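Asks: For the sequence shown, the residue numbers in the working numbering are 19 to 484.
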Amino acid sequence: MAEQLQVPGFSPAQAPEAALSDPVADTPMVVTLEQLRPYELDPRVTRNPRYGELKESIRERGLDAPPSITRRQDEAFFIIRNGGNTRLAILWELWRETQEERYFRIPCLFRPWPVRGEIVALTGHLAESELHSRLTFIERALGIEKSRELYEQELARRITQSDLARLLSADGYPIAQSHISRMQDAVQFLLPAIPKILYGGLGRHQVERLATLRRAAERTWDQHRSGKTDTLVFSDVFQDALAPFDNQPEQYSFPRLQDELIGQMAEHLGVDYNTLALDISIVGSRQLALTRMPETTESTAPTLPLPGSPPQQPQKPVVIERLAAIQKMVAEQNEPAGEPLSLPVNTDSLYPINDLWRIEPSLDVPHRLRIHIAQFAREIAGSIGQENDLQAVDHSYGFQCSADATLVSSNTLKLLHAMVTPGISVELHTLLIQSGTAEGLDDDSLIKLFRLIRLARRLHQVEHFA
């Protein structure tokens, strides 16, 4: 008996099981704020302009939908999968203010971490941020630049701007190569000098003007700099001209900045101000013409001189070039208009419109059609400062008006309301024809409306006749 009492107690044959792994399929679950972390690569770095509105909505109604969360392998905390960092910050704020359990324990939809997790998460945050509340141009640019780094890590090679545009489109964030080019200009040349102005909301068209000015001024600088031996470089002059405006962003204007840049160039080069201004104007006009020039056939392309061949007009080439440019400008004013371009307006849109009718195969699915339709609707409403009166939804045509139709006074908002709600009448003549009036759509919004209608008609076909 004594020997039996001294026998060691029962021990399991196997070691204790490790903690359960994450689900392998989409799974609803409840998590606490302490288990959640914001997505650290979220492109938004400025405060969401709708923060106060979202906070009041969550206080009154709670979250409209469970946020999607995920978790990297071997990490302890969950992260927000696409969008939702602003809502997470609001929940923390409401929890500290009220200590109410409904803000601390949150129903979520867990989605497994995919093989290409970082790329999927970043493009998801970009798309969601644009859909629900627009990012500043520089925030989008930095997000796109980070996506380039991730793609290059994934592919183990450098990628071109065209490659990047194609990869982003395949992952659900369509963007034009020309748009990427402007973003890289902003990150490389403008952000170091004028971060406050950029984060304050400087838009794509203004960035394009600055990028064109910088390239034209740099070429002019190199032309007049030839033969000089000091070490002053154009990039330093450009930064010095921009930087003072960042201390007083409200004082910034493109003409003032251009004047400051040309003035500094004239001082450093010892060249007349007006001469530099004319040279920069000519080079800039040529750049714009090249970027907008349609592809030509081999028979119509101009023949370039072979390297080393003598110029046809060696006498005073700069003067002749200026004279030709001035003559061309005068001739353009007197010539009758030629065949109109299909899209005469360069729309400032998240989804650039190069062709009203064409729908890329990657776009031709209901979910992505709704995202594009909702974005164009928000941009059209934004032209009259009422983008917050629209709400993105994942049914119908992708958006709905938050205001009561009977209380809407704007014809623009009424039109958008009528497109998704039968029985609403709109004064179309003023809206569509009288473009010069306060109630008329501008050309930019009109093109977006045409594209919106095309996508909405296609969405109806896909869902009802496929």
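Virtual Cβ for every residue (Gly too), placed ideally from N, Cα, C.
Just so it is clear, the structure is predicted and the values come from calculations on it, not from any experiment.
Are the region 462-477 and the region 398-407 in contact at 8 Å, needing three or more beta carbon pairs?
Replies: Cβ pair count under 8 Å is three or more, so yes.
Asks: Between the region 238-246 and the region 190-198, do at least 3 Cβ pairs fall closer than 8 Å?
Replies: Judged by Cβ distances under 8 Å, the region 238-246 makes no contact with the region 190-198, as fewer than three pairs qualify.
Asks: Quick one: what's got a C-beta closer than 6 Å to A295's C-beta in the same chain, skipping five residues either side?
Replies: Translated into positions along the sequence shown, residue 295 becomes position 277. Answer for A295: I280, listed in chain order.
Asks: Between L153 and I212, which are expected to be in contact by the criterion C-beta below 8 Å, what is the C-beta distance as a whole number of angstroms?
Replies: Here residue 153 refers to the residue found at position 135 of the sequence shown. Here residue 212 refers to the residue found at position 194 of the sequence shown. Contact flag wrong, Cβ pair sits at about 18 Å.
Asks: Count the C-beta pairs between the region 54-69 and the region 157-173 that are closer than 8 Å, then say yes if the count reaches three, no if not.
Replies: With the cut-off at 8 Å, the region 54-69 and the region 157-173 touch.
Asks: Figure out for me which residue from R77, S443 and S187 has the closest Cα to the Cα of Y369.
Replies: Working through the sequence shown from its first residue, we reach residue 369 at position 351. Nearest C-alpha to Y369: S187.
Asks: Hey, how far is the Cα of H435 from the Cα of Q418?
Replies: Position 417 of the sequence shown, counted from the start, is the residue given in the question as residue 435. Position 400 of the sequence shown, counted from the start, is the residue given in the question as residue 418. Those two C-alpha atoms are separated by around 7 Å.
Asks: Under 8 Å by Cβ, that's how I've got G221 and F155 pegged, so tell me the actual separation to the nearest angstrom.
Replies: By one-based count along the sequence shown, residue 221 stands at place 203. By one-based count along the sequence shown, residue 155 stands at place 137. Going by Cβ atoms, the distance from G221 to F155 rounds to 6 Å, so yes, they are a contact pair.
Asks: Comparing alpha-carbon positions, which option in R105, F96, V48 and S253 lies nearest K73?
Replies: In the sequence shown, counting from the first residue as 1, residue 73 sits at position 55. Considering only alpha carbons, the answer is R105.
Asks: When DSSP labels each residue in this structure, what does S443 get in the three-state scheme?
Replies: On the sequence shown, residue 443 is found 425 positions in, with the first residue counted as 1. Of the three classes helix, strand and coil, the one that applies to S443 here is coil, per DSSP.
Asks: With H, G and I counted as helix, E and B as strand and the rest as coil, what does DSSP make of P262?
Replies: As a working mapping, residue 262 is identified with position 244 in the sequence shown. Helix.
Asks: Which whole runs of the alpha helix (DSSP H) in the region 383-438 are 4 residues long or more, in chain order?
Replies: Entirely contained in the region 383-438, the alpha helix (DSSP H) runs reaching 4 residues are, in chain order, 384-400 and 429-438.
Asks: Would you check if the region 119-127 and the region 162-178 touch, i.e. whether three or more CB-CB distances between them fall below 8 Å?
Replies: As far as the Cβ criterion goes, the region 162-178 does not touch the region 119-127, which means the pair count is below three.
Asks: In or out: K214 buried (at least 16 other Cβ within 10 Å) or exposed?
Replies: Here residue 214 is taken as the residue at index 196 of the sequence shown, counted from 1. K214 is exposed by the Cβ-count criterion.
Asks: Around the C-beta of W375, are 16 or more other C-beta atoms found within 10 angstroms, so that it is buried, or is it exposed?
Replies: To locate residue 375, count along the sequence shown from 1; it is residue 357. W375 is exposed by the Cβ-count criterion.
Asks: From the DSSP output, which residues share a beta bridge with P46?
Replies: Counting from 1 along the sequence shown, the entry for residue 46 is found at position 28. Answer is L127.
Asks: Given a threshold of 16 other Cβ atoms within 10 Å of its Cβ, counted over all protein chains shown, does E481 qualify as buried or as exposed?
Replies: In the sequence shown, counting from the first residue as 1, residue 481 sits at position 463. When all chains shown are included, E481 counts as exposed.
Asks: So who's on the other strand from L54, going by DSSP bridges?
Replies: Here residue 54 is taken as the residue at index 36 of the sequence shown, counted from 1. Note: L54 sits in a beta bridge opposite F96.
Asks: Please return the same chain residues whose Cβ sits closer than 6 Å to the Cβ of I471, not counting the five positions on each side in sequence.
Replies: The residue you call residue 471 lines up with position 453 of the sequence shown. Cβ neighbours of I471 beyond the five flanking positions: none.
Asks: Take E71 and list the residues in its own chain whose beta-carbon comes closer than 8 Å to its own, dropping the five residues that flank it on each side.
Replies: As a working mapping, residue 71 is identified with position 53 in the sequence shown. Counting only Cβ-Cβ distances below 8 Å, and skipping sequence neighbours, we find N406.
Asks: Cβ atoms of R386 and G190: under 8 Å apart, would you say?
Replies: For the purposes of this step, residue 190 is taken as the residue at position 172 of the sequence shown. For the purposes of this step, residue 386 is taken as the residue at position 368 of the sequence shown. Cβ atoms of G190 and R386: closer than 8 Å.
Asks: Between the Cα of L449 and the Cα atoms of L275, P384, N429 and F256, which residue gives the shortest distance?
Replies: Reading the sequence shown from its first residue, position 431 is the one you call residue 449. Of L275, P384, N429 and F256, the residue nearest in Cα terms is N429.
Asks: Helix, strand or coil for T64, going by three-state DSSP, please let me know.
Replies: Taking the sequence shown and counting its residues from 1, one reaches residue 64 at position 46. Three-state result, T64: coil.
Asks: Classify S244 as helix, strand or coil using the three-state DSSP reduction.
Replies: If you number the sequence shown from 1, residue 244 lands on position 226. Residue state, collapsed to three classes: coil.
Asks: Between which residues of its own chain and E278 is the CB-CB distance below 7 Å, once the five residues before and five after are set aside?
Replies: Counting from 1 along the sequence shown, the entry for residue 278 is found at position 260. Same-chain partners within the cutoff: A259.
Asks: Would DSSP call S196 helix, strand or coil?
Replies: If you number the sequence shown from 1, residue 196 lands on position 178. Residue state, collapsed to three classes: helix.
Asks: If you check the beta carbons only, do R8 and S86 fall under 8 Å apart?
Replies: Nothing in the structure corresponds to residue 8, since the chain is present only between 19 and 484.
Asks: With a threshold of 16 other CB atoms inside 10 Å of the CB of P192, please say whether the residue is buried or exposed.
Replies: Position 174 of the sequence shown, counted from the first residue, corresponds to residue 192. With 16 or more other Cβ atoms within 10 Å, it is buried.
Asks: Would the beta-carbon of Y169 fall within 8 Å of that of I137?
Replies: On the sequence shown, residue 169 is found 151 positions in, with the first residue counted as 1. On the sequence shown, residue 137 is found 119 positions in, with the first residue counted as 1. The answer is yes: Cβ separation under 8 Å.
Asks: Out of curiosity, what's the CA-to-CA distance linking D44 and A145?
Replies: On the sequence shown, residue 44 is found 26 positions in, with the first residue counted as 1. On the sequence shown, residue 145 is found 127 positions in, with the first residue counted as 1. About 20 Å.
Asks: Starting from the C-beta of V42, find all residues in its chain whose C-beta is less than 7 Å away, skip the five residues before and the five after it, and write them out in chain order.
Replies: Reading the sequence shown from its first residue, position 24 is the one you call residue 42. Answer for V42: P130, listed in chain order.
Asks: Mind checking L208: buried by the 16 CB within 10 Å criterion, or exposed?
Replies: For the purposes of this step, residue 208 is identified with residue 190 of the sequence shown, where counting begins at 1. So L208 counts as buried.
Asks: Taking V251 as the reference, which of L185, A235 and N265 has the closest Cα?
Replies: Here residue 251 refers to the residue found at position 233 of the sequence shown. Checking every option, the nearest Cα to that of V251 belongs to A235.
Asks: According to DSSP, simplified to helix, strand and coil, what is I300?
Replies: Along the sequence shown, one-based indexing puts residue 300 at 282. Here I300 sits in helix by DSSP.
Asks: Report the three-state DSSP secondary structure of S86 (helix, strand or coil).
Replies: Within the sequence shown, the letter at position 68 stands for residue 86. Strand.
Asks: Thinking C-alpha only, which one of D412, L182, T141 and F96 is nearest L127?
Replies: The residue given as residue 127 occupies position 109 in the sequence shown. Per the Cα distances, F96.
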